[in-house]
Amino acid sequence: MSSPKAGLPIHTTTTSKPSTRRVSLELDPYASPAEYYGKSHGPRKVAKSRTYSAVSPPASPRSPHPPYDPQPYNKRHSSASRVLTKHSEQHDPALDQAHVGGYKVSGRRSSHDAQGNAPRRFLINVEQTLMDLLAREDTDHNIQITIEDSGPKTIPLGTAASGGYRRFDVRGTYMLSNLLQELTLAKKYGRKQIVLDEARLNENPVNRMARLIKDQFWPNLTRRIDGSNIFQVAKDPKDWTKDPRPRIYVPRGAPEQYEYYKRVAAEHPDMRLDVQWLAEDPGNDEYVRDLNAAPGLLAIEMERIEDTHDGKPNFRGLPFVVPGGRFNELYGWDSYMETLGLLVNGREDLCEAMVRHFCFCIRHYGKILNANRSYYLCRSQPPFLTDMALRVYDHIKHKPDSLEFLRRALLAAIKDYYSTWMSHPRYDPVSGLSRYVPGGLGVPPETEATHFVHILTPYAKKHNMTFNEFVDAYNYGHVFEPDLDQYFLHDRSVRESGHDTSYRLEKVSAHLATVDLNSLLYKIECDIGRTIRAFFGDSLTIPPEWHVKGHSTIETSSNWDRRATKRRKIMEKLMWDEEKGMFFDYNTVKKEQTGYESATTFWAMWAGAATPKQANMMVQKALPKLEVHGGLVSGSEESRGPVGINRPNRQWDYPFGWAPQQILAWTSLIRYGFEEEAQRLAYRWIYMCTKAFVDFNGVVVEKYDVTRQIDPHKVTAEYGNQGSDFKGVATEGFGWVNASYVYGLQIVNAHMKRALGAVTTWDTFKKMTEAADAEEAADVLKKANEHDKSVGKVHVAEHVRYTALPHSHEDQVAHKAMHGSEERKEHHGPGETKAAHL
Ligand SMILES: OC[C@H]1O[C@H](O[C@H]2O[C@H](CO)[C@@H](O)[C@H](O)[C@H]2O)[C@H](O)[C@@H](O)[C@@H]1O
Numbered sequence: 001m002s003s004p005k006a007g008l009p010i011h012t013t014t015t016s017k018p019s020t021r022r023v024s025l026e027l028d029p030y031a032s033p034a035e036y037y038g039k040s041h042g043p044r045k046v047a048k049s050r051t052y053s054a055v056s057p058p059a060s061p062r063s064p065h066p067p068y069d070p071q072p073y074n075k076r077h078s079s080a081s082r083v084l085t086k087h088s089e090q091h092d093p094a095l096d097q098a099h100v101g102g103y104k105v106s107g108r109r110s111s112h113d114a115q116g117n118a119p120r121r122f123l124i125n126v127e128q129t130l131m132d133l134l135a136r137e138d139t140d141h142n143i144q145i146t147i148e149d150s151g152p153k154t155i156p157l158g159t160a161a162s163g164g165y166r167r168f169d170v171r172g173t174y175m176l177s178n179l180l181q182e183l184t185l186a187k188k189y190g191r192k193q194i195v196l197d198e199a200r201l202n203e204n205p206v207n208r209m210a211r212l213i214k215d216q217f218w219p220n221l222t223r224r225i226d227g228s229n230i231f232q233v234a235k236d237p238k239d240w241t242k243d244p245r246p247r248i249y250v251p252r253g254a255p256e257q258y259e260y261y262k263r264v265a266a267e268h269p270d271m272r273l274d275v276q277w278l279a280e281d282p283g284n285d286e287y288v289r290d291l292n293a294a295p296g297l298l299a300i301e302m303e304r305i306e307d308t309h310d311g312k313p314n315f316r317g318l319p320f321v322v323p324g325g326r327f328n329e330l331y332g333w334d335s336y337m338e339t340l341g342l343l344v345n346g347r348e349d350l351c352e353a354m355v356r357h358f359c360f361c362i363r364h365y366g367k368i369l370n371a372n373r374s375y376y377l378c379r380s381q382p383p384f385l386t387d388m389a390l391r392v393y394d395h396i397k398h399k400p401d402s403l404e405f406l407r408r409a410l411l412a413a414i415k416d417y418y419s420t421w422m423s424h425p426r427y428d429p430v431s432g433l434s435r436y437v438p439g440g441l442g443v444p445p446e447t448e449a450t451h452f453v454h455i456l457t458p459y460a461k462k463h464n465m466t467f468n469e470f471v472d473a474y475n476y477g478h479v480f481e482p483d484l485d486q487y488f489l490h491d492r493s494v495r496e497s498g499h500d501t502s503y504r505l506e507k508v509s510a511h512l513a514t515v516d517l518n519s520l521l522y523k524i525e526c527d528i529g530r531t532i533r534a535f536f537g538d539s540l541t542i543p544p545e546w547h548v549k550g551h552s553t554i555e556t557s558s559n560w561d562r563r564a565t566k567r568r569k570i571m572e573k574l575m576w577d578e579e580k581g582m583f584f585d586y587n588t589v590k591k592e593q594t595g596y597e598s599a600t601t602f603w604a605m606w607a608g609a610a611t612p613k614q615a616n617m618m619v620q621k622a623l624p625k626l627e628v629h630g631g632l633v634s635g636s637e638e639s640r641g642p643v644g645i646n647r648p649n650r651q652w653d654y655p656f657g658w659a660p661q662q663i664l665a666w667t668s669l670i671r672y673g674f675e676e677e678a679q680r681l682a683y684r685w686i687y688m689c690t691k692a693f694v695d696f697n698g699v700v701v702e703k704y705d706v707t708r709q710i711d712p713h714k715v716t717a718e719y720g721n722q723g724s725d726f727k728g729v730a731t732e733g734f735g736w737v738n739a740s741y742v743y744g745l746q747i748v749n750a751h752m753k754r755a756l757g758a759v760t761t762w763d764t765f766k767k768m769t770e771a772a773d774a775e776e777a778a779d780v781l782k783k784a785n786e787h788d789k790s791v792g793k794v795h796v797a798e799h800v801r802y803t804a805l806p807h808s809h810e811d812q813v814a815h816k817a818m819h820g821s822e823e824r825k826e827h828h829g830p831g832e833t834k835a836a837h838l
C-alpha cells in the first residue's frame, strides 16, 4: 500500500506512468503525489550547504511585501540550512543552478522574483507555510480555501531559484487552494521541505481535475478484500450494533475462502475477525433480517497466489473501486459508471476484476448486490453487466483468456436475467415488463437514523412504545402494520432502483415498470443475442452452475432477439407518450403511466429501444424540460411538486443532477446522431464540476444542484453530499463523478476543452462561438465579394460553408452533427460507432 491515507486504498499496478522516469529536475511537474512527494521528491528538496551560503542578507523593511512574512528570514535561513547541511551529500541541480550558474543571485536584499523564462519553482517549508496559509486565507476555518474565504488572497513564496530568498506572489482562490492541497499532500508523505513547481498551482483546472482523477482519485478509491486488510475494510461506518467488529460471510460454494479467512482469524486473534458460513439460500427474507444483528461483509472474488510458507493455499482479493472514500464495499451500478471512466484512464485491470466480482456475486448470491454487505443480500441495483463486460472485453480482447472472460460474464448475465429480473416478484406477467421488487423485511437498517422518523413516530405512539422498541417489534413481526409493510416494500424498491430517494418512486416504486429498468433489460437482451451470435457461433452451452431451472441448457440468439423486440413493443405501447415526446414509468397495478417527467426517459435511447423518430421527439420535447445550467436535472420541477417542511426534497429529484444520468444521456444522444446536444450537455456538466473544483478547493462530490451557478456542490437533501467534507485536499472525489468527467472530456471538442479550461460558461462559449462564426462568415463574404468582383461570379454560400468547416477531428465530429444527417441512424453493438466506444 503506497497511500498515506488510513491504509485502506490499494495501489495496484497502473499503466498511467512509465516506471523509467528519471529522478531529477526532469521530474514531471504533474507527476502523481505518490511520485512527486513520495518516490521522487527527496533529491529535489536539498542542495549543498556551500551553495546556500551564497544567499543574500536578510530582507529589509523596504521589501515589496513587508506586511506578510510567514517566517522571519533568519529563521527561514537557518531551518533551510539545517536541512541542507544534513543532506549535503545530496545534490539538486535546481538549486545549483540558482546559486552557481543559470540564475545569478543578486547581492541586494530579498525581493520579489522577476519572471524569467525558466519554469518557476518554490522552495517551501511545508509545515510553516501550511500554518501561515491557513491562518491567513482560511477565514471560515474549514481547512479549505474557497471563494467564501475573505483573506487577502495572496501569499508570497520564496523561489527555489533564489534558495527561497526572492519571493513571488501566489494569488487568487484557485492557486491558493492548490497550494493548500499540495502542502497537505506533501505533509501526508512526510515532507518537511519541498521544491514545488508553480505549474502545479496554476495548472489548467480541467487538466488538473482529470489528472487527479487518474493518478490519485482512482487509486485512493481502490480496495480489495483479503487477510491483509480485512480488519480495516470489514469496518462499516453504517454499523448500528453495540459491538462493531470485522465480520465476513462466506458462501457455501467458496469453501477455500472460508478456510482462508478462518486461518487469518486464527493467526490474528487481536483482529476479532468473525468468519461465518452463509446459509445455502442466502436470499431468504427472515434470514437476512436476522443477520442484521451481526452485519458483515460478503466474500467476493479472490485469486490464488503462491502457497504460504507452510504449504497452505493462499489468496488475494481482486481489486475493485468503491463509490466514495467512506465506502469499503463493492457497489452495483456505481461500478459500471466507474468503469466508463476507468477505461478512459487505461485501468481495464480494475474493470475486469469488477466484472469477475459480479460473476461471483451472481453465482453465489443470485444477483449483483446493491453492495456486498449482509444487509443487501435481498437487493440488487440497476443491471449493466453485459454492457460493462463488452466494453471491458473490447479493451482486453488481445489477451488469451479474454473470450473466456466474456463467456463467463454472459453466463452470469443470463442467470441474473432469468432468476432476478424475469422471475417473481420483479417480473410482471400481465404487462410483460419488470419492476424493482427486492425482498426484505422491516426497516432498511443501513439508512440514516433520521430518515424514517416522520413515518414511524406515529406508529410508535399508537403502540405506546419508544421509537426503537417499535422498530424492533415491527421488524420481528410482533406488531402488524400492513400500511407500513407497503411503505417499506416501495422503499426497498426505491433503493434497488439506485434512485434513492425520489418522489417519482416513493410509495409506489414496487408497482412501477420503470423506463430505466426496462431499457436496461432491453439492452441486456440485445447484447446477449448479439454476443452469442458474434462470439459463440450462435450456440452457448449453459453449464450446470449457471443453469436456471426451467430454461434451456443451450442459448441461441433468436430467443434473445425476440425478447428484445417484444419488450420494445410493450415499452412503446405502455410507456411512450407521443404528445409529450417522452417515455414514462408504467404503473402495473393501476395500469397507467405515471406522467412523472424524469431524465430516465433518455435511457430508452441509451439502450437503443427508442425509434429514431421517438429519439428526435425526445430531443425536441423532453430535453428542453430537463436541460438546465449544469446539464441534465433528474426530473422536472413540476413533476416533483412543492417541497417544504412536511415534504422535504429528495436527492434524486429536481434540482439535483447525478453523473449516471448525464453519462447515459450523452451516450444516448450520440447513439442517435445528436452529437451537438451531447456536447452541449457534457459541456454544461463539466463546466459545473470544474467551477466547483476551482472555487471550492478541488471539491468533487456525489451529486450536484445543477440549477445552482455558484456552489452547485452544496446539497442539503437527505444525507448531504459525499465528498465535500475533507480537510485540505480532496483525495478521492466521487467514483461516478470522476468517471463522468474523464468520459465527458471524450465528448466535448478541442475548442470546448479550451473554453472549459478557462472556466467559461456554456452561454458565453456559445456567444463567443457564434460571434467568431459571424466574424468569419463576414470575412469570407468580404473576400468572396472581392473575388467575385474579380471573376464576375457569386458563390458566397459555398465559401461560407467551406470556411466554416472545422479542422480538428473533434471539430469534424461536431460539424457533422451540426450539418450532416448521414450519421443520424441507429447503431447497435460495440465497435460500430463512436457511440459504441463511448
Ligand atoms: O444509505 C443510504 C443509501 O446509500 C446508498 O445509496 C446511494 O449511494 C450509492 C453509492 O453511491 C448509490 O449507488 C445510490 O444510487 C445512492 O442513492 C445505498 O446504495 C442505498 O442502498 C442506501 O440505502
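Position one of the sequence shown corresponds to residue 1 (full-length UniProt numbering), numbered consecutively onward. Glycine included, each C-beta is placed from N, C-alpha and C at the ideal position. From a predicted model like this one, the values you see are computed outputs, not experimental measurements.
For a quick check, are the C-beta atoms of residue i and residue j less than 8 Å apart?
| i | j | result |
| --- | --- | --- |
| D332 | S419 | Here the sequence assigns Gly to residue 332, which means Asp is not the residue at that position. No; because the gap between Cβ atoms is not below 8 Å, this pair is not in contact. |
| V619 | E702 | no |
| R167 | G158 | yes |
| P246 | I230 | yes |
| K691 | V643 | no |
| A609 | R568 | yes |
| R684 | W762 | yes |
| V737 | P655 | no |
| G757 | N345 | no |
| Y743 | L340 | yes |
| N372 | L297 | yes |
| Y687 | A210 | no |
| E137 | L176 | yes |
| P33 | Y258 | no |
Would you please state the rounded distance, in angstroms, between the beta carbons of residue i and residue j? I believe it to be under 8 Å.
| i | j | result |
| --- | --- | --- |
| V515 | W603 | 6 Å |
| E555 | I542 | 6 Å |
| I143 | L134 | 7 Å |
| I414 | F405 | With 8 Å as the limit, I414 and F405 do not qualify as a contact, their Cβ atoms being about 15 Å apart. |
| Y375 | L291 | 7 Å |
| R435 | A534 | That pair is no contact at about 31 Å. |
| R504 | R379 | Their Cβ separation, rounded to whole angstroms, is 19 Å, which puts R504 and R379 out of contact at 8 Å. |
| P444 | R495 | 6 Å |
| V633 | G657 | 5 Å |
What residue range is occupied by the uninterrupted beta strand (DSSP E) comprising residue i?
| i | result |
| --- | --- |
| Q746 | First-last for Q746: undefined, no H or E at that position. |
| M302 | 302-305 |
| Q381 | It is not in any beta strand (DSSP E) - Q381 carries neither H nor E in the DSSP assignment. |
| F168 | 167-171 |
| K238 | Segment: none, K238 is in no beta strand (DSSP E) and carries neither H nor E. |
| I710 | Premise fails: I710 is in no beta strand (DSSP E) and is neither H nor E. |
To which residues does DSSP link residue i through a beta bridge?
| i | result |
| --- | --- |
| E481 | The partner list for E481 (beta bridge, DSSP) is empty, contrary to what the question assumes. |
| P156 | D169 |
| I194 | I124 |
Over the uninterrupted alpha helix (DSSP H) stretch that includes residue i, give me the two end residues.
| i | result |
| --- | --- |
| K415 | 402-416 |
| L669 | 659-671 |
| L517 | 515-535 |
| Y249 | Segment 247-250 is the beta strand (DSSP E) holding Y249; no alpha helix (DSSP H) there. |
| F470 | 467-475 |
| N559 | 557-575 |
| Q276 | Taken as a continuous stretch (DSSP letters only), Q276 belongs to no alpha helix (DSSP H), being part of the beta strand (DSSP E) at 274-277. |
| G317 | Element bounds for G317: not the alpha helix (DSSP H) but the beta strand (DSSP E), 314-317. |
| K461 | 453-462 |
| residue 845 | Residue 845 is absent from the structure shown; the chain starts at 1 and stops at 838. |
Any heavy atom of ligand 3 closer than 7 Å to the beta-carbon of residue i?
| i | result |
| --- | --- |
| Q381 | Within the structure as shown, ligand 3 is missing, the only ligands being ligand 1. |
Exercise. Quick one: complete alpha helix (DSSP H) runs, 4+ long, within the segment 312-366?
Worked result: 333-344, 348-365
Problem set entry | Runs of alpha helix (DSSP H) lying entirely within the segment 587-652, each at least 4 residues, in chain order | 603-607, 612-617, 623-626, 637-640
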